[in-house]
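Peer 1: Pasting in a structure now, in structure tokens, and then I'll have a few things to ask.
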Ligand code: NAD
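Numbering (the working numbering), first residue to last: 370 to 797.
Spelled out as structure tokens, the structure:
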């Protein structure tokens, strides 16, 4: 099929590359010219395993190209996937301004087009597709939804760090459809994906995405709370959760205690559903606790550190800035909360991350960046490990002996007690 993508960031590019790998013809559109040019030069605009090679492959086969012209992308495709950002506003509610602007441009582009399917992939609260996207498309195209163009909501569940694999091997595909014709077209597009396809209405599809993220975030905060209690009791939370996860009703995923969740999705999506619930007169106490626990969890690293050293005027080495391994994404990363606090309390910061330093440096030019973990450890008075990058697993006693004082605290369980002595973990 011929597909266009509107908004070629983490989700848009992974979606475009994924559909192109399946043999579809893909046109990627973005409002940022630099992104368009980079994609045509076969260079991804972010780090994500497998994307670079896959992008090279699909561009050289002529299956994917980027354009700065939305009309061209729409006229030369049958479906447009909307993958623009849906950030939070200051009060936690959903900012639909990107979706609104995208719908205006897309509506105008639909004017010159026969039946075309619009599929919203951005994460949006129930009623956003129906109450914002639909009327805006109709207003600016002069066309009728369900007759002249189709509308679906097709939430995306990929995880950064394994985006392409997740996209190509999803656990399920959810198609929320306004009209049956557009639902049929989307289902045909996904026909050789080996997973269940659930067809439903648009509001339900929108809600499925939020509930999935809120539930996963809840699992993480729950595990962190249990981890905090286990640490005080001298019980190994990882061993506990191994036993707990063997129960098929629970599953072993998302039970690893640590410094909490970050990234561009869980914090903002849970905030948005909380905010929506409150406007409806509900008190979403579980989800509010999930966020509160997650806000405080990274600061436990500072509390543990202060029990060991007086941090003022000390040099603290941070290993890992990305919110998780396999990505350079630092949006809502716990590392930012920790660095903010360290700087506020008068510490100097050495930092190293295999992929995320460039993005972190934009926000924190005042800290010192190094090209390796060993260099960052040299002369540090303490070390905090915040991302479970594989290369940190190989650090040994010798590496930590480069420090002034060997105070090492893990926010993610990664070090091997056989290879490194004397470290402690946030929950272990
Ligand atoms: P992103 O910021 O990486 O990318 C968004 C892109 O959209 C940017 O390149 C931006 O330039 C472009 N854009 C903005 N307005 C545009 C417009 N009017 N026309 C064309 N392009 C426009 O965002 P992302 O992380 O890919 O997230 C996109 C959506 O997908 C969000 O709703 C997010 O919640 C959801 N989502 C994200 C993930 C994830 O892991 N990142 C996973 C599932 C769902």
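Just so you know, even glycine gets a beta-carbon here, dropped at the ideal spot from N, CA and C.
What you are looking at is a predicted structure, and each value in this text was computed from that prediction instead of being measured.
(1) In the DSSP assignment, find the unbroken alpha helix (DSSP H) run with residue 390 in it and report its ends.
(2) Provide the residue span of the alpha helix (DSSP H) that contains residue 550, from first to last.
(3) Does the Cβ of residue 669 have 16 or more other Cβ atoms within 10 Å, making it buried, or fewer, making it exposed?
(4) Can you have a look at residue 546 and say buried or exposed, based on whether 16 or more other CB atoms are within 10 angstroms of its CB?
(5) Would a C-beta distance cut-off of 7 Å place residue 658 and residue 626 closer than the cut-off?
(6) In the DSSP assignment, what residue or residues form a beta bridge with residue 644?
(7) Taking the CB atoms as reference points, tell me whether residue 461 and residue 644 lie closer together than 7 Å.
(8) Check whether the Cβ of residue 378 lies closer than 6 Å to any heavy atom of the ligand NAD, and answer yes or no.
(9) Taking only heavy atoms of the ligand NAD into account, decide whether any of them is closer than 6 Å to the Cβ of residue 470.
(10) Could you spell out the range, first to last residue, of the alpha helix (DSSP H) harbouring residue 793?
(11) In chain order, which continuous runs of the beta strand (DSSP E) of length 3 or greater are located wholly inside the stretch 714-792?
(12) Is the beta carbon of residue 624 sitting closer than 7 Å to the one on residue 614?
(13) For residue 449, count neighbouring Cβ atoms within 10 angstroms of its own Cβ and tell me buried if that reaches 16, exposed if not.
(14) Is residue 579 close to the ligand NAD? I mean its beta-carbon at under 6 Å from any heavy atom of the ligand.
(15) Counting only beta-carbon atoms, is residue 514 nearer than 7 Å to chain D?
(16) If I measure Cβ to Cβ from residue 479 and keep anything under 7 Å in the same chain, skipping five residues before and after, which residues do I get?
(17) In the DSSP output, which residue or residues are listed as bridge partners for residue 545?
(18) Suppose the cutoff is 6 Å on Cβ atoms and the five residues either side in sequence are ignored; what does the same chain contact list for residue 417 look like?
(19) Mapping the DSSP letters down to three states, classify residue 588 as helix, strand or coil.
(20) Taking the CB atoms as reference points, tell me whether residue 663 and residue 765 lie closer together than 7 Å.
(21) Roughly how many angstroms separate the alpha carbons of residue 453 and residue 387, rounded to a whole number?
(22) Starting from residue 664, trace the alpha helix (DSSP H) in both directions and tell me its first and last residue.
(23) Does the distance from the C-beta atom of residue 687 to that of residue 751 stay below 7 Å?
(24) Tell me whether residue 453, by its Cβ, gets closer than 6 Å to a heavy atom of the ligand NAD.
(25) Residue ranges of each alpha helix (DSSP H) run of no fewer than 4 residues wholly in the stretch 689-718, ordered along the chain?
(26) In this structure, does DSSP put residue 637 in helix, strand or coil?
(27) Since residue 371 sits in a beta bridge, which residues does DSSP pair it with?
(28) Should residue 438 go down as buried or exposed, given a rule of 16 or more other Cβ atoms within 10 Å for buried?
(29) Going residue by residue through the stretch 424-499, where are the continuous alpha helix (DSSP H) segments of at least 4 residues, counting only ones entirely within it?
(30) How many angstroms separate the CA atom of residue 628 from the CA atom of residue 726?
(31) Are the CB atoms of residue 722 and residue 689 nearer to each other than 7 Å?
(32) Using only the heavy atoms of the ligand NAD, determine whether one of them is closer than 6 Å to the beta carbon of residue 492.
(33) Return the chain-ordered list of same chain residues with a C-beta closer than 7 Å to the C-beta of residue 514, the five sequence neighbours on each side being excluded.
(34) Taking buried to mean at least 16 other C-beta atoms within 10 Å of its own C-beta, is residue 446 buried or exposed?
(35) Report yes or no: do the stretch 702-719 and the stretch 751-762 share at least 3 C-beta pairs separated by less than 8 Å?
Peer 2: On the basis of the coordinates in this document:
(1) In the chain shown, the residue the question calls residue 390 occupies position 21. It spans 379-390 - the alpha helix (DSSP H) in which residue 390 sits, taken as one unbroken run.
(2) Your numbering for residue 550 matches position 181 in the chain shown. Counting along the chain, the alpha helix (DSSP H) containing residue 550 begins and ends at 549-558.
(3) Along the chain shown, one-based indexing puts residue 669 at 300. The residue in question, residue 669, is buried, as its Cβ has 16 or more Cβ neighbours within 10 Å.
(4) The sequence position of residue 546 within the chain shown is 177, counting from 1. Residue burial is scored here from C-beta neighbours: residue 546 has at least 16 other C-beta atoms within 10 angstroms and is therefore classed as buried.
(5) As a first step, residue 658 must be located in the chain shown, where it is residue number 289. As a first step, residue 626 must be located in the chain shown, where it is residue number 257. No, the Cβ-Cβ distance between residue 658 and residue 626 is not below 7 Å.
(6) Taking the chain shown and counting its residues from 1, one reaches residue 644 at position 275. In the DSSP output, where bridge partners are listed per residue, residue 644 has none listed.
(7) Numbered from its first residue, the chain shown carries residue 461 at position 92. Numbered from its first residue, the chain shown carries residue 644 at position 275. In this structure, residue 644 lies closer than 7 Å to residue 461 by Cβ.
(8) Translated into the one-based positions of the chain shown, residue 378 becomes position 9. Residue 378 Cβ: within cutoff of the ligand NAD.
(9) The residue you call residue 470 lines up with position 101 of the chain shown. At least one heavy atom of the ligand NAD is nearer than 6 Å to the Cβ of residue 470, so yes.
(10) Counting from one through the chain shown, the residue named residue 793 turns up at place 424. It is not in any alpha helix (DSSP H) - residue 793 instead sits in the beta strand (DSSP E) that spans 792-794.
(11) If only uninterrupted beta strand (DSSP E) runs of at least 3 residues are considered, those enclosed by the stretch 714-792 are 717-721, 751-754, 777-779.
(12) Here the question's residue 624 lines up with position 255 in the chain shown. Here the question's residue 614 lines up with position 245 in the chain shown. Yes, they are a contact pair.
(13) What you label residue 449 is simply residue 80 of the chain shown in a count that begins at 1. Label assigned to residue 449: buried.
(14) Here the question's residue 579 lines up with position 210 in the chain shown. Not so, every heavy atom of the ligand NAD lies at least 6 Å from the Cβ.
(15) Absence of chain D from the displayed structure is noted, only one protein chain being present.
(16) Position 110 of the chain shown holds residue 479. Closer than 7 Å at the Cβ level, and outside the excluded window around residue 479, lie 443, 485, 506, 510, 512, 518.
(17) What you label residue 545 is simply residue 176 of the chain shown in a count that begins at 1. For residue 545, which the question treats as bridged, DSSP gives the partners 522, 569.
(18) To locate residue 417, count along the chain shown from 1; it is residue 48. So the list reads 532, once near-sequence residues are dropped.
(19) Along the chain shown, one-based indexing puts residue 588 at 219. When DSSP states are grouped into helix, strand and coil, residue 588 belongs to the helix group.
(20) Numbered from 1 along the chain shown, position 294 holds the residue referred to as residue 663. Numbered from 1 along the chain shown, position 396 holds the residue referred to as residue 765. With respect to the 7 Å criterion, residue 663 and residue 765 are not classified as neighbours on the basis of their beta carbons.
(21) The count along the chain shown starts at 1 and reaches residue 453 at position 84. The count along the chain shown starts at 1 and reaches residue 387 at position 18. Going by the C-alpha atoms only, they are around 17 Å apart.
(22) The residue you call residue 664 lines up with position 295 of the chain shown. Residue 664: member of the alpha helix (DSSP H) spanning 654-665, first to last residue.
(23) Numbered from 1 along the chain shown, position 318 holds the residue referred to as residue 687. Numbered from 1 along the chain shown, position 382 holds the residue referred to as residue 751. Not a contact, by the Cβ cut-off of 7 Å.
(24) For the purposes of this step, residue 453 is taken as the residue at position 84 of the chain shown. At least one heavy atom of the ligand NAD is nearer than 6 Å to the Cβ of residue 453, so yes.
(25) Those alpha helix (DSSP H) runs which fall completely within the stretch 689-718 and span 4+ residues are 703-713.
(26) As a position in the chain shown, residue 637 is number 268, starting the count at 1. Residue 637 falls in the helix class under three-state DSSP.
(27) Within the chain shown, the letter at position 2 stands for residue 371. Paired residue(s): 394.
(28) Indexing the chain shown from 1 puts residue 438 at position 69. With fewer than 16 Cβ atoms within 10 Å of its Cβ, residue 438 is classed as exposed.
(29) As for any alpha helix (DSSP H) of minimum length 4 sitting wholly inside the stretch 424-499, the runs are 439-444, 466-479, ordered along the chain.
(30) Numbered from 1 along the chain shown, position 259 holds the residue referred to as residue 628. Numbered from 1 along the chain shown, position 357 holds the residue referred to as residue 726. Near 19 Å, if we compare the C-alpha coordinates of residue 726 and residue 628.
(31) Your numbering for residue 722 matches position 353 in the chain shown. Your numbering for residue 689 matches position 320 in the chain shown. Contact: yes.
(32) On the chain shown, position 123 is the one that residue 492 refers to. Answer for residue 492: yes, Cβ within range of the ligand NAD.
(33) Within the chain shown, residue 514 is the residue found at index 145, counting from 1. In its chain, beyond the 5 residues on either side, 503, 506, 507, 520, 547 have a beta carbon closer than 7 Å to the beta carbon of residue 514.
(34) Looking up residue 446 in the chain shown gives position 77. That one is buried.
(35) Taking a contact to require three or more Cβ pairs closer than 8 Å, the stretch 702-719 and the stretch 751-762 qualify as touching.
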